[in-house]
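Under UniProt numbering, the residue at position 216 of the sequence shown is numbered 216, and the numbers go up by one with no gaps.
Each residue gets a CB set at the ideal place from its N, CA and C atoms; glycine is no exception.
Structure first, then comments.
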Amino acid sequence: MARRTIGLIAGKSQFPLLFARSARAQGHRVVAVAFKGETLPALEQEVDSLTWVQLGQLGKLMKAFKSQGVTQAAMCGGVTKPRMFDLKPDLKALGLIKKIRHMADDGILRTFADYLGEQGIEILPSHELMPELLARPGVYTARGPGDEEREDIEVGWQVAAELGKLDIGQCVVVRGRAVLAVEAMEGTDQCIRRGGELAGGQGAVVIKRCKPNQDRRFDLPSVGGDTVAVMAAAGASCLVVEAGRTLFFDLEQAVKLADASGICILGRG
């Protein structure tokens, strides 16, 4: 494979670090732009070049990429969504914001990706260099879902699809065939906590599914050991992810914790 210079737009979590390590292990040079207050500082040790920006500093981001000859980039890791209301956009970002019709994840990210494309920077699928992170179909844990959990899975699977069509969120919590919580701006962990509380800490099913019209270059659903830890604390009993379209981090740790907590994990196609 030819050596490339790959841009990395790095949000929070371990994902940007994993991407950078994988890219460099495959011989590529990584030029990263990181967000102050969001991106882990440890990223600096994993990349060839790092520029810190505030949310909304689009001009500084573009300058960092152009100066390093970046023509391809990936977006890895999100940002704390409520911070979107505290943006201090520069002139370039202001012009872009005016083009966004719906201030939801896909609408924002597609507009941003289109802008980068117009500037000669192709957005790569964030999982392109790490296909092994994609969830596989089947049961991951010592036990599979029981009959009542399967009924809840069917309800949650359909509701998650409808939620995704509206570009609202990717996570739904169900118990007794009743929807307890749906994900919005607060994120998956808070959605699980709220659903678990409404379930009385007993047996809620968590569904994490890709939006039907999801642009697979960015913002794929993701779960990991931290997700299972939140579920265990909330008393949830089953996690269902969309196979082939969900990123699964810390898989071994997640399965070990799930088995210890009596939680089943299922990859559904």
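Requested in this report: Compute the distance between the beta-carbons of Leu55 and Asp90, then report whether it is under 7 Å.
Outcome: No, Cβ-Cβ distance for Leu55 and Asp90 is not below 7 Å.
Query raised in the report: For Ala20 versus Glu38, is the C-beta spacing smaller than 7 Å?
Result: no
Requested in this report: Would you mind listing the alpha helix (DSSP H) stretches within the UniProt domain "LpxI N-terminal" (6-133) that are 4+ residues and don't spill past its ends, in chain order?
Outcome: 15-25, 58-67, 91-97 and 105-118
Query - 4 or more residues per run - each alpha helix (DSSP H) lying fully within the UniProt domain "LpxI C-terminal" (137-265) - result: 147-165, 188-198, 225-234 and 251-261
Query - Through-space distance from Gln170 to Gly164, alpha-carbon basis - result: 6 Å
Requested in this report: Could you tell me if Leu166 is buried or exposed, where buried requires 16 or more neighbouring beta carbons within 10 angstroms of its beta carbon?
Outcome: Counting the other CB atoms within 10 Å of its CB gives Leu166 a total below 16, which places it among the exposed residues.
Query raised in the report: If we count the other Cβ atoms within 10 Å of its Cβ and call it buried at 16 or more, is Asp114 buried or exposed?
Result: exposed
Report task. Rounded to whole angstroms, what's the CA-CA distance from Met30 to Glu197? Just pull it up for me. Result -> The sequence given here has Val at residue 30, not Met. Rounded to the nearest angstrom, the two C-alpha atoms are 43 Å apart.
Query raised in the report: Is the beta carbon of Val173 sitting closer than 7 Å to the one on Ala142?
Result: no
Query raised in the report: When you compare each of Arg217, Val155 and Ala254 to Arg110 by their alpha carbons, which one comes out closest?
Result: Arg217
**Report entry** Cβ distance (whole Å) where Cys76 is taken to contact Glu149 below 8 Å
**Finding:** Incorrect: roughly 32 Å between the Cβ atoms, too far for contact.
Query raised in the report: On the three-pair Cβ rule with 8 Å, is the stretch 221-235 touching the stretch 114-126?
Result: no
Report task. Measure the alpha-carbon distance for Arg175 versus Lys208 and round it to whole angstroms. Result -> Straight-line Cα distance between these residues: approximately 15 Å.
**Report entry** Where Arg3 falls, given that 16 or more other Cβ within 10 Å makes a residue buried
**Finding:** exposed
Query raised in the report: Considering only the beta carbon of each residue, do residue 318 and Gln72 sit closer than 7 Å?
Result: For the chain, the structure presents residues 1 to 269; residue 318 sits outside this window and is missing.
Query - Spatially closest choice to Gly138 from Gly27, Arg268 and Phe249, by CA coordinates - result: Arg268
Query raised in the report: Taking the alpha carbon of residue 270 as the point to measure from, which residue in Leu40, Leu180 and Gln26 has its own alpha carbon closest?
Result: Nothing can be reported for residue 270, as the shown portion of the chain is limited to 1 through 269.
**Report entry** Alpha carbon of Ile263 to alpha carbon of Val228, nearest angstrom
**Finding:** 8 Å
Query raised in the report: So is Pro131 buried or exposed if we call it buried at 16+ other beta carbons inside 10 Å?
Result: exposed
**Report entry** For Gly269: DSSP bridge partner residues
**Finding:** The partner list for Gly269 (beta bridge, DSSP) is empty, contrary to what the question assumes.
Query raised in the report: Going by beta carbon distance, what residues of the same chain come within less than 6 Å of Lys92, once the five residues before and after it are set aside?
Result: Leu58 and Gly59
Query raised in the report: How would you call Pro145, buried or exposed, if buried means at least 16 neighbouring beta carbons within 10 angstroms?
Result: With a 10 Å radius around the Cβ and a threshold of 16 neighbouring Cβ atoms, Pro145 comes out buried.
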